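*Asks:*
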DNA sequence: AAGTGATAGTTTGATCTCAAACTAACTGCA
DNA sequence: TGCAGTTAGTTTGAGATCAAACTATCACTT
């Protein structure tokens with residue numbers, strides 16, 4: 008069983024009875040930040056489990072996709088695009104290179120930087136993950152409903168872009 | 008400067024010129040999972056920085072709020088409500104108790120379990136954080152727009168609840 | 001009672017992440 | 001030239017998190 012078991016609840020101000028009370032979320036119930044976290048976590052977990060068979064995780068997937076669509080991208084650009092600190096990317100890229108999914112070339116004109124590209128193996132893995140991701144997305148779409156989807160994603164994008 | 012510097016980009020299939028190209032997100036652009044992560048991360052960071060002055064973080068805030076609204080809640084219930092594994096909660100609760108914000112009482116009828124309650128100090132800290140959270144939420148609301156807010160939060164809730 | 005299976009919370013180990021400090025290399029200006 | 005400030009990527013340290021294994025206790029059945 009993943010996550011904690013949400014079963015019965017015997018609670019009460021002081022003296023404990025055997026009444027199963029629902030949780031009171033107070034203001035959290037309507038706050039965006041909290042619900043964003045809960046939804047993200049649920050989505051992340053579900054996709055993690057889906058793609059575990061391939062031996063990757065959602066972060067790797069985004070990384071591979073961004074490299075595929077932006078051949079020659081550099082690590083710092085990649086980190087900005089994927090919303091992670093550049094230092095978080097160091098071990099990820101290292102691992103992808105070690106496993107032969109990504110190729111790293113030093114840039115002639117700037118010897119500090121690397122350019123990243125997918126190898127054939129990388130493209131293959133990406134294709135596998137894309138299939139898993141599509142399945143996952145269909146699941147999310149079903150929950151969101153086709154009507155709201157575009158607006159929902161737009162709102163997420165605005166949030167990501169505009170929070171101070 | 009937080010996160011990596013998203014500045015210029017000199018990229019190109021093979022030979023590098025000084026053209027600043029925007030990132031191609033491919034299918035990520037429309038996928039819910041990815042945008043959920045980006046928005047969540049942005050929101051989390053912003054609130055973290057806001058509440059850093061109080062010496063807490065978003066997770067602690069949810070924890071305190073849930074204890075406040077559900078006096079006598081047990082750790083396992085709390086972990087389910089806050090979407091974290093119960094084992095993640097152990098050090099959090101320990102720390103809150105150590106710092107005198109939360110009080111932990113063994114349950115007579117079940118000596119495995121604890122009941123959690125806020126102390127006066129805990130209520131004070133929660134009040135402080137609530138102020139910070141309200142400011143943060145106003146900021147998010149402004150981005151989302153009052154019209155869409157309810158629907159947006161409902162969708163987040165459905166996602167959290169219904170992802171397999 | 002004794003034993004079996006579930007449950008509350010902790011421990012441990014593996015990942016992932018940020019943030020700040022660091023190295024190397026670039027750019028621009030004096 | 002040569003120095004000052006910036007940038008690309010790495011290292012290091014701290015903190016979260018999950019998941020599985022574990023301990024203690026409970027609840028139920030026999």
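Protein chains in written order, with the working numbering: chain A, 8 to 171; chain B, 8 to 171. Note that beta-carbon positions come from the ideal geometry of N, C-alpha and C, so glycine has one too. The structure presented is a predicted model; accordingly, all values stated were derived computationally and were not measured.
#1: Taking buried to mean at least 16 other C-beta atoms within 10 Å of its own C-beta, is residue 56 of chain A buried or exposed?
#2: List the whole-angstrom C-beta distance separating residue 43 of chain A from residue 46 of chain B, where the pair is believed to meet the contact cut-off of C-beta under 8 Å.
#3: Would you report the Cα separation of residue 107 of chain A and residue 94 of chain A, rounded to the nearest angstrom?
#4: Please decide whether residue 104 of chain B counts as near chain A, where near means a Cβ-Cβ distance under 8 Å.
#5: Pop quiz: residue 87 of chain B and residue 49 of chain A are said to be a contact at Cβ under 8 Å. What is the actual Cβ separation, rounded to whole angstroms?
#6: Exposed or buried, which one is residue 62 of chain A when buried takes at least 16 other CB atoms within 10 Å?
#7: At a CB-CB cut-off below 8 Å, which residues of chain A make contact with residue 42 of chain B?
#8: Given a cut-off of 8 Å on the beta-carbon distance, is the pair residue 123 of chain A and residue 100 of chain A in contact?
#9: Per DSSP, what kind of secondary structure is residue 170 of chain A in: helix, strand or coil?
#10: Can you pull the chain A residues whose beta carbon is under 9 Å from the beta carbon of residue 147 of chain B, in chain order?
#11: Between residue 186 of chain A and chain B, is there a C-beta pair that is closer than 8 Å?
#12: Below 7 Å CB to CB, which residues in the same chain sit around residue 68 of chain A once its five sequence neighbours on both sides are set aside?
#13: What are the uninterrupted segments assigned as alpha helix (DSSP H) that are 4 or more residues long and contained completely in the stretch 34-115 of chain A, given in chain order?
#14: In this structure, does DSSP put residue 154 of chain B in helix, strand or coil?
#15: Exposed or buried, residue 109 of chain B, counting other C-beta atoms within 10 Å across all chains shown (16 or more means buried)?
#16: Looking at C-alpha atoms only, which residue of B/133, B/132, B/142 and B/170 is the closest neighbour of residue 146 of chain A?
#17: Output needed for residue 151 of chain B: all residues of its chain with C-beta closer than 7 Å, excluding positions within five of it in sequence on either side, in chain order.
#18: Indicate whether residue 200 of chain B and residue 30 of chain A have their beta-carbon atoms separated by less than 8 Å.
#19: List, in order along the chain, the chain A residues whose C-beta lies closer than 9 Å to that of residue 72 of chain B?
#20: Answer with yes or no whether the minimum CB distance from residue 150 of chain A to chain B is below 8 Å.
#21: Are there 16 or more other CB atoms within 10 angstroms of the CB of residue 119 of chain B, so buried, or fewer, so exposed?
#22: Spell out whether any CB of chain A is found under 8 Å from the CB atom of residue 64 of chain B.
*Replies:* Working from what's here:
#1: exposed
#2: 6 Å
#3: 21 Å
#4: no
#5: Wrong, their Cβ atoms sit about 13 Å apart, outside the cutoff.
#6: exposed
#7: 160, 163, 164 and 167
#8: yes
#9: coil
#10: 38, 39, 40, 43, 166 and 170
#11: What is shown of chain A runs 8 to 171, which leaves residue 186 of chain A out entirely.
#12: 58, 136 and 140
#13: 39-59, 65-76, 82-89 and 93-105
#14: helix
#15: buried
#16: B/170
#17: 159
#18: In the structure as shown, chain B starts at 8 and stops at 171, and residue 200 of chain B therefore has no counterpart that could be examined.
#19: 32, 33, 34, 35 and 41
#20: yes
#21: exposed
#22: no
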